[in-house]
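Participant:
2 protein chains.
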Amino acid sequence: MKVHVQDSRPIFRQISDTLREQIRSGALRGGATIPSEREYAGQLRISRMTVRAAINELVQEGLLVRRPGSATTVAVGVIDKSAEGFLSFTEDMQMRGMRASSQLIECHEEVADAATAAELGLRVGARIVVIERVRLADGEPMALEHVQLPAQRFPNIQQHDLAHLSLYSIMEAHYGCTPRTSDETIEAVSLSFAEASALGVAPDSPALLARRITRDARGLVIEAVKTIYCGDRYRMVFARRRSESNRSES
Amino acid sequence: MKVHVQDSRPIFRQISDTLREQIRSGALRGGATIPSEREYAGQLRISRMTVRAAINELVQEGLLVRRPGSATTVAVGVIDKSAEGFLSFTEDMQMRGMRASSQLIECHEEVADAATAAELGLRVGARIVVIERVRLADGEPMALEHVQLPAQRFPNIQQHDLAHLSLYSIMEAHYGCTPRTSDETIEAVSLSFAEASALGVAPDSPALLARRITRDARGLVIEAVKTIYCGDRYRMVFARRRSESNRSES
DNA sequence: CAATTCAACCGGTCTATACCAGTGGTTCGT
DNA sequence: ACGAACCACTGGTATAGACCGGTTGAATTG
Chain A
2 MKVHVQDSRP IFRQISDTLR EQIRSGALRG GATIPSEREY AGQLRISRMT VRAAINELVQ
62 EGLLVRRPGS ATTVAVGVID KSAEGFLSFT EDMQMRGMRA SSQLIECHEE VADAATAAEL
122 GLRVGARIVV IERVRLADGE PMALEHVQLP AQRFPNIQQH DLAHLSLYSI MEAHYGCTPR
182 TSDETIEAVS LSFAEASALG VAPDSPALLA RRITRDARGL VIEAVKTIYC GDRYRMVFAR
242 RRSESNRSES
Chain B
2 MKVHVQDSRP IFRQISDTLR EQIRSGALRG GATIPSEREY AGQLRISRMT VRAAINELVQ
62 EGLLVRRPGS ATTVAVGVID KSAEGFLSFT EDMQMRGMRA SSQLIECHEE VADAATAAEL
122 GLRVGARIVV IERVRLADGE PMALEHVQLP AQRFPNIQQH DLAHLSLYSI MEAHYGCTPR
182 TSDETIEAVS LSFAEASALG VAPDSPALLA RRITRDARGL VIEAVKTIYC GDRYRMVFAR
242 RRSESNRSES
């Protein structure tokens, strides 16, 4: 392993990126012990604290496990980090190796009622954009999606290609808005006749109803989404991690 | 704020705990700016790096937001951390203010078939413990739970009070085993006649089927759980966070 | 040989210091 | 009045050293 001064990344990130790559690529197997912090420091001629910062990142991500008094090892059950956060439908399908697209059913501005305004953190009467789409995966109907956005935050968002682009990528590219946190609930429901016919399945089929409130880094609500996933076509995948009660220096 | 030498916690944890409490209690509102790192350091007569370690924890948890060149502020949309990890059924119900209990349907040892052995990371033929329970919340049937454990890791676990205790608390107290990561899938299904009658609802009712593989800190599988949640009684709650592409020193 | 001791090594915490790159307000010159 | 330069601040990164308590295996002792 080497560190380069001309690299724009900070040293500790160069190290963590290298280690991450070695783990992902399988060069470092699960359970393998990595060299000690002092060894890295001496080898690379950098401070031990810098090495620790690098290793901290990977411990954080669940890739490494520290054992005081003993060596640091590569975690065995590695969590797929992409499944840890939350994804837009487009991203979700991409991850499953499918192509996402949409049939636009509705897209208009309207005035927020009390409940919606509360959800989005707006004043009653503020304008919102409502987007309703059938979401397709490789051309097959997979879900019904109902999105509400604050109109002021995303002016003229209707003009973009809502049939093929990820909503999050549009937000990020054109409005400088990055989704950061979400509160989500999931329940099982039976499809109504209208929903079932839109998805091309039998009425009363079981389905997942997911509601999501998404916020950006400042804590502002950027969308309220209600998605109905076809029960026999969609399975939601999670990778979760308990925070250790015995936290470390972080 | 004060730090105490006689406190067994490390200094940086004393600080982060205090700050966490101030945020949770509302003494520090969302959006409020906290004193600078150098100010804390001077005030408490400790090193700035120690202050950083404390603040890092809270940034990590999404409670604080750093803004280089400017102040660190309390995050606005605060994620409920208890909903971020994964919970045992008992913990889940506790969080909702309900009392969890169980009706034990099955509890026996058996030999793992190929599929189960693979799930639990055991050799085919290894012994496993199977626990089947109806999970009740405040006395009402809420879910059907099917748990498989490696028998070797949890000898005589059948002896414990599986009707009232959290499985995780038993694991932790008697086997020194802490759940750390989980891979989970959730789908919508219709209840079979048997399942419906066990839960006391109509057949073909919609339900959530959750499958979970749980691992400890070493990456060893400690349980494989299949839970069927009654659709009209249970709603799954998540708080999720996207990792920022622009990571910090951590 | 078994039990104990001990030293080498591990990560965990903390200090004091240094310099950088941004941010935002003040001040100065036009 | 207004832009430019400056400066006092913020967090971000990195250094080199120190001490602690736990782990482990080898050396020593009974």
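Taken in order, these protein sequences are the chains called A and B. Be aware that the first sequence starts at 2, since it is given in our numbering, and climbs by one per residue. Be aware that the second sequence starts at 2, since it is given in our numbering, and climbs by one per residue. Glycine residues also receive a C-beta, built at the ideal position from the N, C-alpha and C atoms.
Are the beta-carbon atoms of B:Ile158 and B:Val135 separated by less than 8 Å?
Facilitator: What you label residue 158 of chain B is simply residue 157 of the second sequence in a count that begins at 1. What you label residue 135 of chain B is simply residue 134 of the second sequence in a count that begins at 1. Their beta carbons are not under 8 Å apart, which means B:Ile158 does not touch B:Val135 by this criterion.
Participant: Span of the beta strand (DSSP E) holding B:Ser26?
Facilitator: Against the second sequence, residue 26 of chain B aligns to sequence position 25. Taken as a continuous stretch (DSSP letters only), B:Ser26 belongs to no beta strand (DSSP E), being part of the alpha helix (DSSP H) at 12 to 26.
Participant: Tell me, please, whether the CB atom of B:Glu185 is closer than 8 Å to any CB atom in chain A?
Facilitator: To locate residue 185 of chain B, count along the second sequence from 1; it is residue 184. Closer than 8 Å: yes.
Participant: So who's on the other strand from B:Pro156, going by DSSP bridges?
Facilitator: For this step, residue 156 of chain B is matched to residue 155 along the second sequence. None; B:Pro156 has no bridge partner.
Participant: Within the 8 Å Cβ cut-off, does B:Gly78 reach chain A?
Facilitator: Residue numbering aside, residue 78 of chain B sits at position 77 when the second sequence is read from its first letter. Chain A, which has a Cβ nearer than 8 Å to the Cβ of B:Gly78, makes this yes.
Participant: Have a look at B:Leu45 and A:Thr91 and give me their C-alpha separation to the nearest angstrom.
Facilitator: Along the second sequence, read from residue 1 onward, the residue named residue 45 of chain B stands at position 44. Along the first sequence, read from residue 1 onward, the residue named residue 91 of chain A stands at position 90. Roughly 49 Å separates the two Cα atoms.
Participant: Specify the secondary structure class of A:Ala76 as computed by DSSP and reduced to three states.
Facilitator: Start at 1 with the first residue of the first sequence, and residue 76 of chain A comes out as number 75. Reduced to three states, the DSSP call for A:Ala76 is coil.
Participant: Roughly how many angstroms lie between the CA atoms of A:Thr19 and A:Thr51, to the nearest whole one?
Facilitator: Residue numbering aside, residue 19 of chain A sits at position 18 when the first sequence is read from its first letter. Residue numbering aside, residue 51 of chain A sits at position 50 when the first sequence is read from its first letter. Rounded to the nearest angstrom, the two C-alpha atoms are 14 Å apart.
Participant: Kindly list the residues whose CB is nearer than 8 Å to the CB of A:Asn247, restricted to its own chain and excluding five residues on each side of it in sequence; keep chain order.
Facilitator: Mapped onto the first sequence, residue 247 of chain A falls at position 246. Note that A:Asn247 scores a pLDDT of 48, beneath 50, so its modelled location is shaky; the value from the coordinates is reported in the next line. Answer for A:Asn247: no residue qualifies.
Participant: Touching or not, the stretch 124 to 138 of chain B and the stretch 54 to 68 of chain B, by the rule of three or more beta carbon pairs under 8 Å?
Facilitator: No, because fewer than three Cβ pairs between the stretch 124 to 138 of chain B and the stretch 54 to 68 of chain B fall closer than 8 Å, the two stretches do not touch.
Participant: Do you know offhand how far A:Arg10's Cα is from A:Arg25's?
Facilitator: The sequence position of residue 10 of chain A within the first sequence is 9, counting from 1. The sequence position of residue 25 of chain A within the first sequence is 24, counting from 1. When rounded, the distance between both Cα atoms is 20 Å.
Participant: From B:Gln15 to A:Val60, what distance separates their C-alpha atoms?
Facilitator: Numbered from 1 along the second sequence, position 14 holds the residue referred to as residue 15 of chain B. Numbered from 1 along the first sequence, position 59 holds the residue referred to as residue 60 of chain A. Cα-Cα distance, rounded: 22 Å.
Participant: Going straight from the alpha carbon of B:Asp184 to that of B:Gly220, what length do you get?
Facilitator: Taking the first residue of the second sequence as position 1, residue 184 of chain B is located at position 183. Taking the first residue of the second sequence as position 1, residue 220 of chain B is located at position 219. About 12 Å.
Participant: Please state whether DSSP places B:Asn247 in a helix, a strand or coil.
Facilitator: Here residue 247 of chain B refers to the residue found at position 246 when the second sequence is read from its first residue. Summary for B:Asn247: the model assigns pLDDT 47, below 50, so the residue's position carries little reliability; its value from the coordinates is reported in the next sentence. Coil.
Participant: At a CB-CB cut-off below 7 Å, which residues of chain B make contact with A:Leu121?
Facilitator: Within the first sequence, the letter at position 120 stands for residue 121 of chain A. Correct list: empty, because the minimum Cβ distance to chain B is about 12 Å.
Participant: Output needed for B:Glu38: all residues of its chain with C-beta closer than 7 Å, excluding positions within five of it in sequence on either side, in chain order.
Facilitator: Numbered from 1 along the second sequence, position 37 holds the residue referred to as residue 38 of chain B. Hits under 7 Å: Arg49, Val52, Arg53, Ile56.
Participant: Taking a contact to mean a Cβ-Cβ separation below 8 Å, would you say A:Thr228 touches A:Ala211 in this structure?
Facilitator: Counting from 1 along the first sequence, the entry for residue 228 of chain A is found at position 227. Counting from 1 along the first sequence, the entry for residue 211 of chain A is found at position 210. The answer is yes: Cβ separation under 8 Å.
Participant: Where A:Thr179 and A:Arg234 are concerned, what is the direct C-alpha to C-alpha distance, given to the nearest angstrom?
Facilitator: By 1-based counting over the first sequence, the position of residue 179 of chain A is 178. By 1-based counting over the first sequence, the position of residue 234 of chain A is 233. Cα to Cα, A:Thr179 sits roughly 29 Å from A:Arg234.
Participant: Consult DSSP for A:Leu105 and reduce its assignment to one of helix, strand or coil.
Facilitator: As a position in the first sequence, residue 105 of chain A is number 104, starting the count at 1. Three-state result, A:Leu105: strand.
Participant: Quick one: give me the first and last residue of the beta strand (DSSP E) that A:Tyr235 is part of.
Facilitator: Here residue 235 of chain A refers to the residue found at position 234 when the first sequence is read from its first residue. Counting along the chain, A:Tyr235 falls outside any beta strand (DSSP E), and DSSP gives it neither H nor E.
Participant: Taking a contact to mean a Cβ-Cβ separation below 8 Å, would you say B:Cys231 touches B:Met143 in this structure?
Facilitator: Walking along the second sequence from the start, residue 231 of chain B turns up at place 230. Walking along the second sequence from the start, residue 143 of chain B turns up at place 142. Yes, the pair counts as a contact, with Cβ atoms nearer than the cut-off.
Participant: How would you list, in chain order, the residues of chain A whose beta-carbon sits under 8 Å from the beta-carbon of B:Met94?
Facilitator: Counting from one through the second sequence, the residue named residue 94 of chain B turns up at place 93. Ordered by position in chain A, no residue passes the 8 Å Cβ test against B:Met94, which lies about 16 Å from the chain.
Participant: Would you please verify whether the beta carbon of A:Pro180 is less than 8 Å from any beta carbon of chain B?
Facilitator: Walking along the first sequence from the start, residue 180 of chain A turns up at place 179. Closer than 8 Å to some Cβ of chain B, the Cβ of A:Pro180 qualifies, so yes.
Participant: State yes or no: is the beta carbon of B:Glu188 nearer than 8 Å to at least one beta carbon in chain A?
Facilitator: As a first step, residue 188 of chain B must be located in the second sequence, where it is residue number 187. By this cut-off, B:Glu188 is an interface position.
Participant: Going by C-alpha distance, which of A:Ile132, A:Thr182, A:Glu146, A:Asp139 is nearest A:His161?
Facilitator: Numbered from its first residue, the first sequence carries residue 161 of chain A at position 160. Nearest option by C-alpha distance: A:Ile132.
Participant: Tell me, please, whether the CB atom of A:Ser170 is closer than 8 Å to any CB atom in chain B?
Facilitator: Position 169 of the first sequence holds residue 170 of chain A. A:Ser170 does not count as touching chain B.
Participant: My assumption, with CB atoms under 8 Å, is that A:Gly201 sits in contact with B:Ser244. Please give the rounded CB distance.
Facilitator: What you label residue 201 of chain A is simply residue 200 of the first sequence in a count that begins at 1. What you label residue 244 of chain B is simply residue 243 of the second sequence in a count that begins at 1. Actually they are not in contact, since the Cβ atoms of A:Gly201 and B:Ser244 sit about 36 Å apart, beyond 8 Å.
Participant: Any beta carbon of chain A sitting closer than 8 Å to that of B:Ala28?
Facilitator: Counting from 1 along the second sequence, the entry for residue 28 of chain B is found at position 27. Not closer than 8 Å to any Cβ of chain A, the Cβ of B:Ala28 fails to qualify, so no.
Participant: Hey, could you find the ends of the alpha helix (DSSP H) B:Asp93 is sitting in?
Facilitator: Position 92 of the second sequence, counted from the first residue, corresponds to residue 93 of chain B. Unbroken alpha helix (DSSP H) run through B:Asp93: 90 to 96.
Participant: Taking C-beta to C-beta, are A:Ser167 and A:Ser89 nearer than 8 Å?
Facilitator: Within the first sequence, residue 167 of chain A is the residue found at index 166, counting from 1. Within the first sequence, residue 89 of chain A is the residue found at index 88, counting from 1. Cβ distance < 8 Å, so A:Ser167 and A:Ser89 count as in contact.
Participant: What number of angstroms, rounded off, separates the C-alpha of B:Ala116 from the C-alpha of A:Asp217?
Facilitator: Within the second sequence, residue 116 of chain B is the residue found at index 115, counting from 1. Within the first sequence, residue 217 of chain A is the residue found at index 216, counting from 1. Approximately 42 Å between the Cα atoms of the pair.
Participant: With 8 Å set as the bound, which would you pick, yes or no: does the beta-carbon of B:Leu145 sit closer than that to a beta-carbon of chain A?
Facilitator: The residue given as residue 145 of chain B occupies position 144 in the second sequence. It does not; no Cβ of chain A falls within 8 Å.
Participant: Please identify, using Cβ separations under 9 Å, the residues of the stretch 5 to 24 of chain A that lie next to chain B, in order along the chain.
Facilitator: So the list reads Pro11, Phe13, Arg14, Ser17, given in the order they occur along the chain.
Participant: Would you kindly check if the distance between the Cβ of B:Leu64 and the Cβ of B:Val77 is under 8 Å?
Facilitator: Translated into positions along the second sequence, residue 77 of chain B becomes position 76. Translated into positions along the second sequence, residue 64 of chain B becomes position 63. No; because the gap between Cβ atoms is not below 8 Å, this pair is not in contact.
Participant: Could you tell me which of B:Ala119, B:Ala152, B:Glu146, B:Arg100 sits nearest to B:His109, measuring between CA atoms?
Facilitator: Walking along the second sequence from the start, residue 109 of chain B turns up at place 108. Selected option, being the one with the closest Cα: B:Ala152.
Participant: For B:Gln7, does the count of other Cβ atoms within 10 angstroms reach 16, so buried, or fall short, so exposed?
Facilitator: Counting from one through the second sequence, the residue named residue 7 of chain B turns up at place 6. Result: exposed.
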